[in-house]
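Asks:
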Amino acid sequence: MGFREFWEQTCPLETLKRIESATAAQVAQALSTRFCNEEGLAALLSPSATPFLEAMAQRAHDETLRHFGRQILLFTPIYISNHCVNQCAYCGFNVSNRIERRHLSLAEVDIEARAISKTGLKHILLLTGEAPSLSTPDYIGDSISLLSTYFTSVGIEIYPVDEKGYARFIDAGADTLTLYQETYNKSLYKTLHPAGPKRNFFYRLEAPERAARARIRGITIGGLLGLDNWRREAFYTALHARWLLDTFPDVELGISFPRMRPHAGGFKPDFDVTDADIVQMMIALRIFLPQVGMTVSTRESPSFRNHILPLGVTRMSAGSCTSVGSHTLNEGSGQFEISDGRSVVEMAESLNRRGYQPVYQDWRRH
Ligand code: SF4
């Protein structure tokens, strides 16, 4: 059974009711057991968990220390094209937005990669919009190969492809996939993606397992926070991660918590996700999935990133910009505005001051 069948057996409305009706006794029960089950996860994400947040934070901190120590892996994104045929309502690269479009040549990818590598970072995340006639699989594969000459780990955050497509990118040097479902609410998903190939909910939902079958080393998933009720999104994200872990135990799994940021197009999310909500989500998921990596990006402010550091974070982006060629060309519009503009050096110093070790490289193939 794939995750699709698992997902199809659930009803989003019932799931939310289940979370919202959890009692304080169920929260206490979840905290008293060593291994948190699905029932416990629902309780930890519920409104009844509010009086338990301090105890949950302590448990999340202890689990994080036990599994990851005080190490934070640093990486940065590289945007190689902002052309996109999709109409995602919440994204600045939406084909309907009148923005400056840019598509890097391989020579420009090389210049950009060299500039980023001077920061000392060894992990990079390649991003491109979905424009397969321009950002072709060949172009993406060649960009991955090129980045592999500068970085020991090349992640991809690109449009979903089939299993053979992932195998090809892995051969080129990609070792991790980041792919956000955006929302696990299928009817809302259809509304937010009115046109373009991304409209296919299940093709996206099943992409992480296709990549895992192609033997990718690591996968990071998540929902875009603000599109739907955060408790339900967190619940499905956690179950998706647990399913992937159970099915592909050799894959290094990660979760990210991207929250909506201002962008071209002016889409207003229906759901406000507060800092306290993100904290509850992160610590609940850390208790449910003690060994899963957690990423907090520069979408969040420096003070908030500093504050949540001990609660479960294992990876952070630094020196980020969301426009194409931002490190050398200064052209093209960004996907969204970032909140934490600290350079790699500033980020590393901040981590050191807090007793954490910034890690530039934790993996290499060659
Ligand atoms: S979220 Fe991705 S697919 Fe959607 S418009 Fe933006 S770049 Fe394109």
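Residue numbers for the sequence shown follow my numbering, beginning at 949 and rising by one.
Where is the CB? At the ideal position from N, CA and C, for every residue including glycine.
Predicted, not measured: the structure shown is a model, and the values here were computed from it.
(1) Would you mind reading off the limits of the alpha helix (DSSP H) that contains Val-1227?
(2) Three-state secondary structure (DSSP) at Met-1208?
(3) Taking 7 Å as the limit between beta carbons, can you name the residues of its chain near Pro-960, skipping five residues before and five after?
(4) By Cβ distance, which residues of its chain are closer than 6 Å to Glu-1011, with the 5 residues on each side in sequence left out?
(5) Suppose contacts are defined by Cβ-Cβ distances below 9 Å. Is Leu-1257 in contact with Arg-1302 by that definition?
(6) Please write down, chain order preserved, every residue whose beta carbon lies under 6 Å from a heavy atom of ligand 1.
(7) For Met-949, count neighbouring C-beta atoms within 10 Å of its own C-beta (all shown protein chains included) and say buried if the count is 16 or more, exposed if not.
(8) Exposed or buried, what is Gly-1068 when buried is set at 16 or more other beta-carbons lying within 10 Å of its beta-carbon?
(9) Using three-state DSSP, classify Ile-1169 as helix, strand or coil.
(10) What is the C-beta distance between Ile-1020 and Thr-1262, in whole angstroms, given that I count them as a contact (C-beta under 8 Å)?
(11) Expressed to the nearest angstrom, what Euclidean distance is found between the alpha-carbon atoms of Pro-995 and Glu-968?
(12) One question on the structure: do Ile-1203 and Gly-1241 come within less than 9 Å of each other, judged by their Cβ atoms?
(13) Under 9 Å between the Cβ atoms of Phe-1099 and Ile-1118?
(14) According to the Cβ coordinates, are Gly-1113 and Pro-1085 closer than 9 Å?
Replies: On the basis of the data shown:
(1) Along the sequence shown, one-based indexing puts residue 1227 at 279. Val-1227 -> alpha helix (DSSP H) spans 1223-1236.
(2) Reading the sequence shown from its first residue, position 260 is the one you call residue 1208. Three-state DSSP puts Met-1208 in coil, outside helix and strand.
(3) One-based indexing of the sequence shown puts residue 960 at position 12. Within the same chain, Pro-960 has close Cβ partners Asn-1133 and Arg-1180.
(4) Translated into positions along the sequence shown, residue 1011 becomes position 63. The residues are Arg-1234 and Pro-1238.
(5) Within the sequence shown, residue 1257 is the residue found at index 309, counting from 1. Within the sequence shown, residue 1302 is the residue found at index 354, counting from 1. Taking 9 Å as the Cβ cut-off, Leu-1257 and Arg-1302 qualify as a contacting pair.
(6) Cys-1032, Asn-1034, Cys-1036, Cys-1039, Phe-1041, Asn-1042, Gly-1077, Glu-1078 and Lys-1146
(7) Taking the first residue of the sequence shown as position 1, residue 949 is located at position 1. Met-949 should be labelled exposed.
(8) Sequence index remark: in the sequence shown, residue 1068 carries index 120 (1-based). Exposed is the call here.
(9) The residue labelled residue 1169 in the question sits at position 221 within the sequence shown. If DSSP states are grouped into helix, strand and coil, Ile-1169 belongs with the strands.
(10) Taking the sequence shown and counting its residues from 1, the one referred to as residue 1020 is at position 72. Taking the sequence shown and counting its residues from 1, the one referred to as residue 1262 is at position 314. The Cβ separation is near 7 Å, so the contact holds.
(11) Locating residue 995 in the sequence shown gives position 47, where the first residue counts as 1. Locating residue 968 in the sequence shown gives position 20, where the first residue counts as 1. Straight-line Cα distance between these residues: approximately 6 Å.
(12) For the purposes of this step, residue 1203 is taken as the residue at position 255 of the sequence shown. For the purposes of this step, residue 1241 is taken as the residue at position 293 of the sequence shown. It is a contact, given that the beta carbons lie within the stated cut-off.
(13) Sequence index remark: in the sequence shown, residue 1099 carries index 151 (1-based). Sequence index remark: in the sequence shown, residue 1118 carries index 170 (1-based). Taking 9 Å as the Cβ cut-off, Phe-1099 and Ile-1118 do not qualify as a contacting pair.
(14) Against the sequence shown, residue 1113 aligns to sequence position 165. Against the sequence shown, residue 1085 aligns to sequence position 137. The answer is yes: Cβ separation under 9 Å.
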